[in-house]
Structure formats: C-alpha cells, structure tokens
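First comes the structure, then the notes that go with it.
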Amino acid sequence: MGNVLIFAEHQDGKLKKTSLELASKASELAGKIGGIAEAVLIGNNIDALANELAPYGIKKVTVVHSPKLEKYNTLGYVNALAGIVKELNPDIFLATASPAGKDFFPRLAARLDTGLASDAVDLKIDGDGKLLATRPIYSGKALVDLKIPNSKPQMALIRPNSFGVGAAQAGATAEVVKKDVDVGDMKAEMKEFVKGASDKVDLTEAEIIVSGGRAMKEAANFKILQDLADVIGATVGASRAAVDSGYAPHEMQVGQTGKVVNPKLYMAFGISGAIQHLAGMRTSKVIVAVNKDPEAPIFQKADYGIVGDLFEIVPLLTAEFKKVLGE
Ligand SMILES: Cc1cc2nc3c(=O)[nH]c(=O)nc-3n(C[C@H](O)[C@H](O)[C@H](O)COP(=O)(O)OP(=O)(O)OC[C@H]3O[C@@H](n4cnc5c(N)ncnc54)[C@H](O)[C@@H]3O)c2cc1C
Numbered sequence: 069m070g071n072v073l074i075f076a077e078h079q080d081g082k083l084k085k086t087s088l089e090l091a092s093k094a095s096e097l098a099g100k101i102g103g104i105a106e107a108v109l110i111g112n113n114i115d116a117l118a119n120e121l122a123p124y125g126i127k128k129v130t131v132v133h134s135p136k137l138e139k140y141n142t143l144g145y146v147n148a149l150a151g152i153v154k155e156l157n158p159d160i161f162l163a164t165a166s167p168a169g170k171d172f173f174p175r176l177a178a179r180l181d182t183g184l185a186s187d188a189v190d191l192k193i194d195g196d197g198k199l200l201a202t203r204p205i206y207s208g209k210a211l212v213d214l215k216i217p218n219s220k221p222q223m224a225l226i227r228p229n230s231f232g233v234g235a236a237q238a239g240a241t242a243e244v245v246k247k248d249v250d251v252g253d254m255k256a257e258m259k260e261f262v263k264g265a266s267d268k269v270d271l272t273e274a275e276i277i278v279s280g281g282r283a284m285k286e287a288a289n290f291k292i293l294q295d296l297a298d299v300i301g302a303t304v305g306a307s308r309a310a311v312d313s314g315y316a317p318h319e320m321q322v323g324q325t326g327k328v329v330n331p332k333l334y335m336a337f338g339i340s341g342a343i344q345h346l347a348g349m350r351t352s353k354v355i356v357a358v359n360k361d362p363e364a365p366i367f368q369k370a371d372y373g374i375v376g377d378l379f380e381i382v383p384l385l386t387a388e389f390k391k392v393l394g395e
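Count along the sequence shown from 1, add 68, and you get the number used in the numbering used here.
Below you can see the structure in the form of structure tokens.
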C-alpha cells in the first residue's frame with residue numbers, strides 16, 4: 069500500500085484546472101495501489117484552496133506555507149518540498165508539465181535521488197504495482213512507456229488535458245495539515261510576473277485551439293481566427309512561419325520551438341503540417357485542418373479536413389457555431 073501525491077498548482081488565488089485533472093487521476097491510481105490520493109499546496113495564505121481538492125478524490129492536503137513563497141521560486145520550491153515529500157513518503161508524486169512544473173520538478177527528483185518521467189500523456193499501474201508513464205518521443209512520432217522500478221517516489225510530469233477532470237463528489241472533505249517551512253537559500257528572487265497580452269487560457273492548457281499559418285498573409289487577418297475563437301471558447305495559436313513573418317507574437321507559436329499543446333480540439337488554418345509544427349500539437353485529441361492544397365501533409369494527421377480557402381471557411385464556421393451555440 070502506498071499513496072499518490074500531487075503538486076496542486078494555483079494562480080491568481082485559484083487552483084488551476086490542471087490540478088483538478090491530476091487530483092482525479094491520482095485518486096484512480098491510488099485506488100489501484102490500495103492507498104490514498106494526497107496533495108501538496110505551496111505558497112502564502114493559500115489555506116482556502118485546500119478544500120477545493122476534496123471533491124476530486126484528494127483525502128489529505130499538506131499546505132506548505134511561507135511568506136517567501138508568495139511568488140514562484142525554483143530553489144525555494146525544491147528546498148521546501150524535499151523535506152515534506154520525504155516525510156509524506158508517497159509511492160508516486162505527480163505534477164503538471166507546466167512552465168513551473170518543468171522547471172522545479174526535475175531538480176526535486178534529483179534532490180530526492182529518484183527517477184522522473186517527463187511530459188507523460190498517460191499513466192497506468194502495471195502488473196507489479198509500479199507506475200507506467202507513457203510519453204511521446206522523436207517529436208511525437210512514437211510513444212514510449214517508462215517505469216521507475218528502484219527508487220521512490222516514482223515521479224511524473226503530465227501534459228495538461230491528458231485526462232480531463234473527473235466528476236466532483238459533493239460534500240467530500242479532506243484532512244488539511246499546515247506546515248511552515250524554511251525555504252533555505254533561494255539564490256534568486258522573482259521580482260515580477262508579467263502576463264501575456266491575451267486574457268485567454270494559455271495555449272499549453274487550452275482545451276480548444278484555432279491556429280493560423282503563413283496563409284493568414286498579415287497580422288490583421290488573425291482577427292477572423294479571434295472571432296471564431298471567441299465563439300467557441302478557444303485560444304489562438306500560430307505556426308512558426310506566421311510568427312517569423314510578424315503576423316503573430318512568439319508566445320502564440322505552436323511546435324518544436326514554440327509551445328507543446330494538448331487540446332481536445334486543434335483547428336489548423338492554412339498550416340502545411342511540417343514535422344516541427346506537428347511536434348507541438350500531434351497529441352491533440354481531434355485535429356481539423358483547412359487548407360487549399362489537398363496534398364498538404366497536415367491532412368495525413370487530421371481527423372477532419374476541408375480543402376478550401378480559409379478566408380471563406382473561417383467566417384462560415386464562425387456563423388454556424390454562433391447558430392449552434394445560440395450566441
Ligand atoms: C529547427 C526548426 C524548428 C522549427 N520549429 C517550428 C515550430 O515550433 N513551429 C512551426 O510551426 N514550425 C516550425 N518550424 C518551421 C517548419 O519547418 C515550417 O516551415 C512551418 O511550420 C511552416 O508554417 P506554415 O505551415 O504556416 O507555412 P507553409 O509551410 O508555407 O504552409 C502554408 C499552407 O497554407 C496553405 N494555404 C495557402 N493559402 C491558403 C488559404 N487561403 N486557405 C487555406 N490554406 C492556404 C498552403 O497550401 C500551405 O499548405 C521549424 C523549423 C526548423 C528548421
């Protein structure tokens with residue numbers, strides 16, 4: 069019997085949706101190894117968030133508190149969590165492959181002298197009771213199963229939107245334990261957190277993405293994608309060619325040298341489907357491509373394709389979605 073611990077991330081005083089996703093999955097995995105799902109929350113004055121995890125199967129929340137951790141800090145998180153994780157002694161420890169997770173989790177694994185499966189898109193418990201983490205390799209062309217057989221905890225970073233959030237159990241409660249910690253020498257201090265211009269969900273966590281490529285022709289034309297995105301609750305992305313041409317900022321770039329995304333729906337408009345673009349979006353659950361060229365490689369990866377001019381198709385889709393969604 070062992071427990072499954074998750075790192076519950078929060079932003080602007082709210083738990084991130086990815087934390088609820090992890091909570092649901094941890095609860096399922098804990099059931100399979102005969103333990104409980106636990107969470108660790110880190111920051112300053114965040115006690116109120118602890119109970120929001122209980123409906124998703126979390127039975128115990130350790131709130132790691134320090135005024136010095138008001139803002140994210142790599143070494144501060146590692147220093148604070150290393151002792152807590154040793155004390156909790158979970159079998160499995162999961163975090164989201166968010167910018168913060170990718171930054172501190174590998175260091176924490178090194179500090180704990182254990183293995184880490186990064187960027188996993190699926191998790192299972194194998195026949196021997198060990199975690200089996202599946203992750204894409206070779207720019208997403210293949211999947212590999214990873215196991216950490218000889219050290220504890222077995223750590224994994226999970227791509228957002230890999231599992232979805234399970235149904236909430238109304239009235240569920242969790243034991244909450246508050247710990248004041250010494251963050252040790254943080255070496256550097258985060259002065260300011262600058263948000264991107266968009267108020268939409270970040271691409272890496274978005275459930276629906278509409279992306280434009282070189283075919284958008286100019287920055288102003290991204291307005292038609294934004295209109296569609298507003299109707300269906302999507303975030304707008306772009307190919308590198310669109311970014312390099314100055315049609316979209318780099319923070320919108322999807323691909324090998326941009327962001328890796330994992331939405332439920334990815335719509336690619338005027339994007340050819342180069343391997344470096346696919347590397348960033350090929351794990352999307354449903355891919356829709358609109359391209360004038362029936363031979364465009366994106367159609368080999370797309371679940372649904374429309375051969376046509378995006379400047380005709382996008383406004384038609386926006387109008388139809390408006391009708392269907394009643395806006
Ligand atoms: C090291 C390296 C890293 C890279 N990293 C990335 C990355 O992170 N992300 C990325 O995207 N790329 C990346 N690239 C670039 C990648 O190889 C491609 O050049 C790029 O993805 C092409 O972008 P695109 O599909 O928008 O443009 P194009 O390849 O020029 O395709 C434009 C498409 O639009 C179609 N089209 C034209 N007009 C219309 C219209 N009116 N309606 C509908 N369709 C139309 C065309 O048929 C064509 O298929 C990288 C390359 C290298 C070498």
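Where is the CB? At the ideal position from N, CA and C, for every residue including glycine.
Please read these numbers as outputs of a predicted model, since none were measured by experiment.
For Q321, the three-state secondary structure derived from DSSP is strand.
By the Cβ criterion, the stretch 106-116 is in contact with the stretch 76-87, since at least three pairs of Cβ atoms, one from each stretch, lie closer than 8 Å. Excluding its 5 nearest sequence neighbours in each direction, D248 has C-beta neighbours in its own chain below 6 Å: H133, listed in chain order.
Look at R282: its beta carbon is less than 8 Å from one of the heavy atoms in ligand 1. Closest by C-alpha distance to S340, out of T325, E96 and V375, is V375. F173: not part of any beta strand (DSSP E); member of the alpha helix (DSSP H) spanning P167 to R179, first to last residue. Around the C-beta of D159, 16 or more other C-beta atoms lie within 10 Å, and the residue is accordingly described as buried. In the DSSP assignment, Y372 is bridged to V356.
I277 sits buried, since 16 or more C-beta atoms from the chains shown fall within 10 Å of its C-beta. A residue is called buried when at least 16 other Cβ atoms come within 10 angstroms of its Cβ; S219 does not meet this threshold and is exposed. 9 Å or more divides the Cβ of I101 from the Cβ of V129. About 5 Å separates the beta carbon of V251 from that of K136, a gap short enough to meet the 8 Å contact definition.
Separation of L149 and T142 (C-alpha to C-alpha, rounded to the nearest whole angstrom) is 11 Å. Contact between M320 and L384 is absent: CB atoms are separated by about 23 Å, not below the 8 Å threshold. Cβ-Cβ separation between L225 and G169: approximately 5 Å, consistent with a contact (criterion under 8 Å). Looking at the DSSP output, M335 shares a beta bridge with V278 and V356. Note: V132 is bridge-paired with I110 and K247 in the DSSP secondary-structure output.
Closer than 8 Å to some heavy atom of ligand 1: that does not describe the Cβ of L296. A283 and A310 have their alpha carbons spaced roughly 8 Å apart.
DSSP, reduced to helix, strand and coil, places K127 within a strand of the structure shown.
Proximity of the beta carbon of S307 to ligand 1 is indicated: a heavy atom of the ligand is located closer than 8 Å. Listed in chain order, the non-local C-beta contacts of G264 below 6 Å within the same chain comprise E319, local neighbours out to five positions each way being set aside.
In the structure shown, the three-state DSSP call for P221 is coil.
If you check the CB distance, L176 and L97 do not come in under 9 Å. Contact between Q344 and Q324 is confirmed by a C-beta separation of about 4 Å, below the 8 Å threshold. In this structure, ligand 1 has no non-hydrogen atom nearer than 8 Å to the beta-carbon of A288. The Cβ-Cβ distance between V299 and T386 falls below 9 Å. Going by C-alpha positions, V354 is about 29 Å away from F173. With a threshold of 16 other beta carbon atoms within 10 Å, A178 falls short and is exposed. In this chain, the alpha helix (DSSP H) harbouring V153 covers T142 to L156. Distance check between A238 and each of V382, I381 and Y124 places Y124 closest, using alpha-carbon atoms only.
Comparing alpha-carbon positions, the option among K332, N289, D295 and A185 lying closest to G314 turns out to be N289.
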